[in-house]
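The letter at position 376 of the sequence shown is residue 376 when you use UniProt numbering, and the numbering goes up by one with no holes.
Here the structure is laid out as structure tokens; the discussion comes afterwards.
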Amino acid sequence: MAHYRSAGSIPPKRHTQHRTPEGDLYYEELMGEEGFSSDSSLLYHRNIPSAIVDVRPWELPDQTLTPNDPLLPRHLKTHDLPAEAEGQGLDAVRHRRLLLGNGDVRISYVAATEPSPLYKNAIGDECCYVESGTATVQTQLGHVDVHEGDYVIIPRATIHRWVPTGDEPVRVYAIEANSHINPPRGYLSKHGQLLEHAPYCERDFRHVSDPVMVDEQDVEVYIKHRGRGPSGIDGTIHVQPQHPFDVVGWDGCLYPYVFNVADYEPITGRVHQPPPAHQVWEANNLVICNFVPRKVDYHPLAIPVPYYHSNVDSDEVMFYCGGDYEARKGSGIGQGSISLHPAGHAHGPQPGAYERSIGAEFFDELAVMVDTFRPLDLGEAALATEDDRYPYSWSGGRRLGQG
């Protein structure tokens with residue numbers, strides 16, 4: 001986000017001496033994108049941020065990906081994933097279950113009840129959608145409380161942790177890019193301001209608090225990074241001699257922030273609007289859209305549900321996270337469901353939905369969509385939760401060779 005912010009104690013000019021009350025130097029760290037050529041922030045630490053006293057491997061959850069072959073539309077039921085592992089509570093970092101992925105993105109899900117360790121994703125930005133529950137996301141730059149409907153945008157290599165705060169699990173739908181995640185370029189001025197036609201503006205973002213100091217020693221930080229194994233991803237634990245939450249101040253244009261889906265202002269029209277009208281974020285080779293409660297098409301002959309369409313350039317993933325999705329009635333899809341509609345297969349509303357939607361004036365539905373421009377493979381959690389009847393739901397469940 002190219003919008004300048006400043007928090008805590010910083011010197012009047014960058015790259016100059018900044019001293020503690022006792023006269024010692026604070027340590028300046030540049031956290032920047034694309035080398036030194038894009039957005040960045042400057043952090044001022046009490047301790048040397050690169051110091052480590054131990055290192056060991058972190059065995060990541062199963063990152064195996066299986067091709068979607070034979071080519072099928074898929075229905076995955078995330079609420080069938082257990083909320084605990086071997087009698088232990090889950091956290092929002094170590095216990096994510098991989099649903100779908102390719103070289104540009106990995107999509108995971110977890111129902112977390114326990115605080116996570118400190119964590120940084122050194123591969124790309126994360127967009128974590130909170131389906132339900134509450135948590136505090138604690139970061140080097142400050143903390144922010146999150147709740148149902150929040151998108152939490154966490155820039156690459158930001159050290160943070162998830163701390164659930166309610167009696168119920170915090171259910172997190174994690175979209176991990178292999179690049180940076182930003183508002184769509186079409187919503188931005190040439191200087192980075194959100195324009196008048198954008199469905200949200202800077203006022204809708206929630207930001208982290210001022211930095212919160214933690215004075216601890218020999219602290220573990222879990223790092224997800226590029227690797228040489230079959231998945232191309234590895235994990236490492238660095239033990240830092242002092243807690244990385246030692247930032248006294250920072251400024252710049254690169255920082256975590258939160259946007260709630262209820263603040264998205266839908267774009268509607270006389271006839272059905274295509275998915276780009278519902279876009280909320282973009283990254284390399286993928287876009288993220290959301291379908292929110294809204295008034296629908298008002299042409300006198302309009303058919304409000306989507307027309308059938310073939311994604312000739314992209315795979316489409318829908319995460320159904322609220323309301324009653326009109327076009328999917330009769331498919332078995334419900335709260336927490338995910339549909340994968342791959343390139344090469346025409347898809348659209350379930351039988352009967354086309355006709356039922358005529359005359360509708362409002363849809364009470366909520367879904368997060370990811371469109372990728374390279375094929376998506378299936379993670380272990382997809383294989384564990386798949387509804388194998390879904391591919392045949394448009395033909396009333398009829399399948400050759402069966403009764």
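All residues carry an ideal CB built from backbone N, CA and C; glycine is no exception.
Inset, instruction - Note the first and the last residue of the continuous beta strand (DSSP E) segment covering Tyr222. - result: For the purposes of this step, residue 222 is taken as the residue at position 222 of the sequence shown. Counting along the chain, the beta strand (DSSP E) containing Tyr222 begins and ends at 217-226.
Legend entry - Short Cβ contact (8 Å threshold) for Ser393 with Ser331: If you number the sequence shown from 1, residue 393 lands on position 393. If you number the sequence shown from 1, residue 331 lands on position 331. Their beta carbons are under 8 Å apart, which means Ser393 touches Ser331 by this criterion.
Inset, instruction - Keeping to the same chain, check which residues put their C-beta closer than 8 Å to that of Asp263; ignore five residues upstream and five downstream. - result: The sequence position of residue 263 within the sequence shown is 263, counting from 1. Annotation for Asp263: Tyr200, Asp204 place their beta carbon closer than 8 Å to its own, counting only its chain and skipping 5 residues before and after.
Inset, instruction - Return yes when the Cβ of Asp364 is within less than 8 Å of the Cβ of Pro293, no when it is not. - result: For the purposes of this step, residue 293 is identified with residue 293 of the sequence shown, where counting begins at 1. For the purposes of this step, residue 364 is identified with residue 364 of the sequence shown, where counting begins at 1. The criterion of a C-beta distance shorter than 8 Å is satisfied by Pro293 and Asp364.
Legend entry - Residue of His18, Gln273, Glu28, Glu316 minimising C-alpha distance to residue 406: The structure shown does not extend to residue 406, since the chain is modelled only from 1 through 403, so no value can be given for it.
Inset, instruction - Identify whether Ser132 lies in helix, strand or coil by the three-state DSSP scheme. - result: Mapped onto the sequence shown, residue 132 falls at position 132. In this structure, Ser132 counts as strand in the three-state DSSP scheme.
Legend entry - Supposed contact pair Asp315 and Lys77 - C-beta distance, whole angstroms, cut 8 Å: Here residue 77 refers to the residue found at position 77 of the sequence shown. Here residue 315 refers to the residue found at position 315 of the sequence shown. Going by Cβ atoms, the distance from Lys77 to Asp315 rounds to 19 Å, so no, they are not a contact pair.
Inset, instruction - Check whether the Cβ atoms of Leu71 and His345 sit closer than 8 Å, and answer yes or no. - result: In the sequence shown, counting from the first residue as 1, residue 71 sits at position 71. In the sequence shown, counting from the first residue as 1, residue 345 sits at position 345. Taking 8 Å as the cut-off, the Cβ atoms of Leu71 and His345 count as close.
Legend entry - Alpha-carbon to alpha-carbon, Pro244 and Arg161: Taking the first residue of the sequence shown as 1, we reach residue 161 at position 161. Taking the first residue of the sequence shown as 1, we reach residue 244 at position 244. Cα to Cα, Arg161 sits roughly 12 Å from Pro244.
Inset, instruction - Could you name the residues of the same chain whose beta carbon sits closer than 8 Å to that of Ser179, not counting the 5 residues immediately before and after it, in chain order? - result: Against the sequence shown, residue 179 aligns to sequence position 179. Around Ser179: Asp104, Gly124, Asp125, Ala283, Asn284, Asn285.
Inset, instruction - For Asp246, verify whether its CB is less than 7 Å away from any heavy atom of the ligand NAD. - result: What this structure holds is no ligand at all, so the ligand NAD is not there to describe.
Legend entry - Identity of the residue in Tyr222, Asp39, Pro184 nearest Gln240 by Cα: The residue you call residue 240 lines up with position 240 of the sequence shown. Cα-wise, what sits closest to Gln240 is Tyr222.
Legend entry - Cβ neighbours of Ala122 in the same chain (closer than 8 Å, five flanking residues each side left out): The count along the sequence shown starts at 1 and reaches residue 122 at position 122. For Ala122, where only same-chain residues beyond five positions count, the Cβ hits under 8 Å are Arg156, Ala157, Ile223, Lys224, His225, Arg226.
Legend entry - Residue burial classification, Ser189 (beta-carbon count within 10 angstroms, cutoff 16): As a first step, residue 189 is located in the sequence shown; it is residue number 189 there, counting from the start. Label assigned to Ser189: exposed.
Legend entry - Span separating the alpha-carbon of Asp324 from that of Ala367: For the purposes of this step, residue 324 is taken as residue 324 along the sequence shown, with counting starting at 1. For the purposes of this step, residue 367 is taken as residue 367 along the sequence shown, with counting starting at 1. The straight-line gap from Cα to Cα measures roughly 10 Å.
Inset, instruction - For Glu361, I'd like the list of residues in its chain whose CB is within less than 7 Å of its CB, leaving aside the five on either flank, ordered along the chain. - result: Looking up residue 361 in the sequence shown gives position 361. Beyond the five residues adjoining it in sequence on each side, Glu361 comes within less than 7 Å, by CB distance, of Lys295, Val296 in the same chain, given in chain order.
Legend entry - Leu378 versus Leu98, Leu60, Gln17, Thr20, residue with shortest Cα-Cα distance: The residue labelled residue 378 in the question sits at position 378 within the sequence shown. The shortest C-alpha separation from Leu378 is found at Leu98.
Inset, instruction - Would you mind stating whether Val152 and Val130 have Cβ atoms separated by less than 8 Å? - result: Taking the sequence shown and counting its residues from 1, the one referred to as residue 152 is at position 152. Taking the sequence shown and counting its residues from 1, the one referred to as residue 130 is at position 130. The Cβ atoms of Val152 and Val130 sit closer than 8 Å to each other.
Inset, instruction - Flag this pair as yes or no: are the beta carbons of His347 and Pro73 separated by less than 8 Å? - result: As a first step, residue 347 is located in the sequence shown; it is residue number 347 there, counting from the start. As a first step, residue 73 is located in the sequence shown; it is residue number 73 there, counting from the start. Yes, the Cβ-Cβ distance between His347 and Pro73 is below 8 Å.
Inset, instruction - Could you tell me whether the Cβ atoms of Thr134 and His143 are closer together than 8 Å? - result: The count along the sequence shown starts at 1 and reaches residue 134 at position 134. The count along the sequence shown starts at 1 and reaches residue 143 at position 143. In this structure, Thr134 lies away from His143, with their beta-carbon atoms at least 8 Å apart.
Legend entry - Test item: CB-CB of Val280 and Ala302 under 8 Å: Translated into positions along the sequence shown, residue 280 becomes position 280. Translated into positions along the sequence shown, residue 302 becomes position 302. Taking 8 Å as the Cβ cut-off, Val280 and Ala302 do not qualify as a contacting pair.
Inset, instruction - Inspect the beta-carbon positions of Leu141 and Pro256 and report whether they are closer than 8 Å. - result: The sequence position of residue 141 within the sequence shown is 141, counting from 1. The sequence position of residue 256 within the sequence shown is 256, counting from 1. With respect to Pro256, Leu141 sits close: the two C-beta atoms are nearer than 8 Å.
Inset, instruction - Please say whether Val370 and Ile267 have beta carbons closer to each other than 8 Å? - result: Here the question's residue 267 lines up with position 267 in the sequence shown. Here the question's residue 370 lines up with position 370 in the sequence shown. At least 8 Å separates the beta-carbon of Ile267 from that of Val370.
Legend entry - Simplified DSSP assignment, three categories, for Val261: What you label residue 261 is simply residue 261 of the sequence shown in a count that begins at 1. Residue state, collapsed to three classes: helix.
Legend entry - DSSP three-state assignment for Asp54, whether helix, strand or coil: Here residue 54 is taken as the residue at index 54 of the sequence shown, counted from 1. Correct three-state label for Asp54: strand.
Legend entry - Residue range of the unbroken beta strand (DSSP E) whose run includes Thr99: As a first step, residue 99 must be located in the sequence shown, where it is residue number 99. Note on residue identity: the sequence assigns Leu, not Thr, to residue 99. Segment 97-101, the beta strand (DSSP E) holding Leu99.
Inset, instruction - Measure the C-alpha to C-alpha separation of residue 405 and Tyr4 and round it to an integer number of angstroms. - result: There is no way to answer for residue 405, as the model of the chain reaches only from 1 to 403.
Legend entry - Runs of beta strand (DSSP E) lying entirely within the segment 315-359, each at least 3 residues, in chain order: Segments of the beta strand (DSSP E) lying fully in the segment 315-359: 315-323, 337-341.
Inset, instruction - Please name the residue, chosen from Phe259, Ala174, Val312, that lies closest to Glu202 on a Cα-to-Cα basis. - result: The sequence position of residue 202 within the sequence shown is 202, counting from 1. Minimum Cα distance to Glu202 is reached at Phe259.
Legend entry - Contacts around Ala177, its chain only, beta-carbon distance under 6 Å, and the 5 residues preceding and following it disregarded: Within the sequence shown, the letter at position 177 stands for residue 177. Closer than 6 Å at the Cβ level, and outside the excluded window around Ala177, lie Val105, Gly124, Asp125, Ala283.
Legend entry - Assigned exposure category for Pro304 - 16 Cβ within 10 Å defines buried: The residue given as residue 304 occupies position 304 in the sequence shown. With 16 or more other Cβ atoms within 10 Å, it is buried.
Inset, instruction - Could you check the C-alpha separation between Ser209 and Trp250 for me, to the nearest Å? - result: Position 209 of the sequence shown holds residue 209. Position 250 of the sequence shown holds residue 250. Distance between Ser209 and Trp250, taken at the CA atoms: about 12 Å.
Legend entry - Residue from Ala198, Pro82, Tyr26 with nearest C-alpha to Pro276: The residue given as residue 276 occupies position 276 in the sequence shown. Among Ala198, Pro82, Tyr26, the Cα nearest to that of Pro276 belongs to Ala198.
Legend entry - One or two residues paired with residue 446 in a DSSP bridge: Examination of residue 446 is not possible in this model, given that the chain is present from 1 through 403 alone.
Legend entry - Cutoff 6 Å; reference Ala384; Cβ partners in own chain excluding five residues on either side: In the sequence shown, the residue the question calls residue 384 occupies position 384. Apart from sequence neighbours up to five positions away, no residue of its chain approaches Ala384 with a beta-carbon distance below 6 Å.
Inset, instruction - Just mark Gln88 as buried or exposed, buried being the case when its beta carbon has 16 or more other beta carbons within 10 Å. - result: Position 88 of the sequence shown holds residue 88. Exposed, since its Cβ has fewer than 16 Cβ neighbours within 10 Å.
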